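Numbering (our numbering), first residue to last: 1485 to 1751.
We treat Cβ as the ideally placed atom computed from N, Cα and C, and that holds for glycine.
In this text, all values refer to a predicted model and were calculated from it rather than measured experimentally.
Below is one structure, written out as structure tokens, with a few remarks after it.
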Ligand SMILES: Nc1ncnc2c1ncn2[C@@H]1O[C@H](COP(=O)(O)OP(=O)(O)OP(=O)(O)O)[C@@H](O)[C@H]1O
Ligand SMILES: [Mg+2]
């Protein structure tokens, strides 16, 4: 079977095969329905279904090799399912662990590149890029080259490039994995601010259970090619929830670590 990737709730191919999937609703930023994918005889995803609400942050965790990036790549349209449907609200923006900036373009031009699919004139693109750079606090780096940036600054430029087209879905593949603990915290706050201001749905792949619990409305665990846990956080992004001894966070952390097959040694 061929993959069905639908953008903007229009059917990209084989219309009859999307029967049962609404093409009208904008309730979800992303919808994966019964998706399976294998590489040779390595079955990476088996009948995976996952929905990301229009204004929801979903964290996706799982052991190395469990298929997290594969699922993200499906949503990004970078690979295809063998069966099942994948639908996103418009073209998703993607940000990876490495910022992947063009070294031969200035910071401003890198951000403006995020508008390549839009019919925006050069001057308007630069203006929008400038505004988005301001949102990530890097106005003063507009004329700099990627090589002149710190790791955290480069990651902020990558986020700006992802968000400049105002996507309804943001896909993040371990975007903070290479950063030190302090920069990571700053990036968490920035992501939350951008999410509040821009109102997109986000799927965040992370290895870090605490990062997942700090940022997400829901945390899902991928193991053995399937979603084995789907946990809602009742006080999402509430910093006090992490310090409150009566909060659910320690229990959720233990539950998620158990699903990953890791003992909770943190506390
Ligand atoms: N292009 C490819 N060709 C063949 N096998 C692949 C390909 N991409 C991924 N795989 C395999 O698919 C499985 C899932 O890989 P994936 O990159 O999705 O894992 P992951 O959960 O993102 O791991 P990590 O946490 O290490 O990034 C692995 O067994 C990997 O070897
Ligand atoms: Mg990966």
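CB-CB under 6 Å to residue i, same chain, minus the five flanking residues each way: which ones, in chain order?
i: residue 1734; result: none
i: residue 1660; result: 1668 and 1671
i: residue 1440; result: Outside the shown range of the chain (1485 to 1751) lies residue 1440, about which nothing can therefore be said.
i: residue 1591; result: 1625, 1626, 1628 and 1641
i: residue 1719; result: 1725
i: residue 1731; result: 1725
Where does the unbroken beta strand (DSSP E) through residue i begin, and where does it stop?
i: residue 1641; result: That residue, residue 1641, is in no beta strand (DSSP E); its alpha helix (DSSP H) goes 1635–1647.
i: residue 1535; result: 1526–1537
i: residue 1713; result: 1710–1716
i: residue 1571; result: 1567–1572
Start and end of the alpha helix (DSSP H) containing residue i?
i: residue 1743; result: 1733–1744
i: residue 1596; result: 1591–1596
i: residue 1613; result: 1606–1619
i: residue 1560; result: 1552–1560
i: residue 1723; result: 1723–1727
i: residue 1585; result: Here residue 1585 belongs to no alpha helix (DSSP H), and DSSP marks it neither H nor E.
i: residue 1681; result: 1665–1682
Who pairs with residue i in a beta bridge, going by DSSP?
i: residue 1512; result: 1537
i: residue 1577; result: 1654
i: residue 1623; result: Residue 1623 is not bridged to any residue.
i: residue 1702; result: 1542 and 1716
i: residue 1460; result: A question about residue 1460 goes unanswered here, because the residues of the chain that appear run from 1485 up to 1751.
i: residue 1600; result: DSSP output for residue 1600 lists no bridge partner at all.
i: residue 1707; result: 1710
i: residue 1519; result: 1532
So the candidates are the options; which of them puts its Cα closest to the Cα of residue i?
i: residue 1580; options: 1642, 1706 and 1721; result: 1642
i: residue 1518; options: 1710, 1542, 1663 and 1657; result: 1710
i: residue 1744; options: 1624, 1708 and 1679; result: 1708
i: residue 1543; options: 1725, 1717, 1732 and 1742; result: 1717
i: residue 1539; options: 1728, 1679 and 1746; result: 1679
i: residue 1628; options: 1587, 1611 and 1673; result: 1587
i: residue 1530; options: 1548, 1635, 1569 and 1541; result: 1569
i: residue 1723; options: 1714, 1715 and 1699; result: 1699
i: residue 1712; options: 1525, 1526 and 1533; result: 1533
i: residue 1691; options: 1524, 1522 and 1548; result: 1548
i: residue 1662; options: 1654, 1635 and 1676; result: 1635
i: residue 1797; options: 1525, 1546, 1621 and 1739; result: Only positions 1485 to 1751 of the chain appear in this structure, which leaves residue 1797 out of reach.
i: residue 1727; options: 1714, 1694, 1637 and 1740; result: 1694
i: residue 1721; options: 1729, 1676, 1746 and 1730; result: 1676
i: residue 1632; options: 1664, 1589, 1600 and 1606; result: 1589
With a threshold of 8 Å on Cβ separation, who are the neighbours of residue i within its own chain once the five nearest residues in sequence on each side are excluded?
i: residue 1537; result: 1511, 1512, 1513, 1685 and 1701
i: residue 1682; result: 1647 and 1650
i: residue 1604; result: 1612
i: residue 1740; result: 1545, 1693, 1696, 1697, 1703, 1705, 1713 and 1715
i: residue 1535; result: 1512, 1514, 1515 and 1516
i: residue 1559; result: 1514, 1516, 1570, 1572, 1576, 1653, 1655 and 1687
i: residue 1608; result: none
Using a Cβ-Cβ cutoff of less than 7 Å, which residues in the same chain neighbour residue i once the five nearest sequence positions on both sides are dropped?
i: residue 1550; result: 1706 and 1707
i: residue 1697; result: 1703, 1717, 1733, 1736 and 1737
i: residue 1689; result: 1544, 1552, 1553, 1556, 1656, 1657 and 1658
i: residue 1645; result: 1594, 1595, 1597 and 1598
i: residue 1541; result: 1679, 1686, 1688, 1699, 1700 and 1701
i: residue 1602; result: 1649
i: residue 1585; result: 1594, 1630, 1638, 1641 and 1642
i: residue 1527; result: 1709
Could one say the Cβ of residue i lies closer than 8 Å to chain D's Cβ atoms, at least one of them?
i: residue 1697; result: Here chain D cannot be found, since the structure has a single protein chain.
Checklist entry - Is the segment 1563–1571 touching the segment 1612–1626 in the sense that three or more CB pairs, one from each, lie closer than 8 Å? => result They do not touch, by the three-pair rule.
Checklist entry - Three or more C-beta pairs closer than 8 Å, one from the segment 1512–1526 and one from the segment 1662–1681: is that the case here? => result no
Next on the checklist: Contact between the segment 1575–1590 and the segment 1645–1652 is defined here as three or more beta-carbon pairs at a separation below 8 Å; is this criterion met?
Outcome noted: yes
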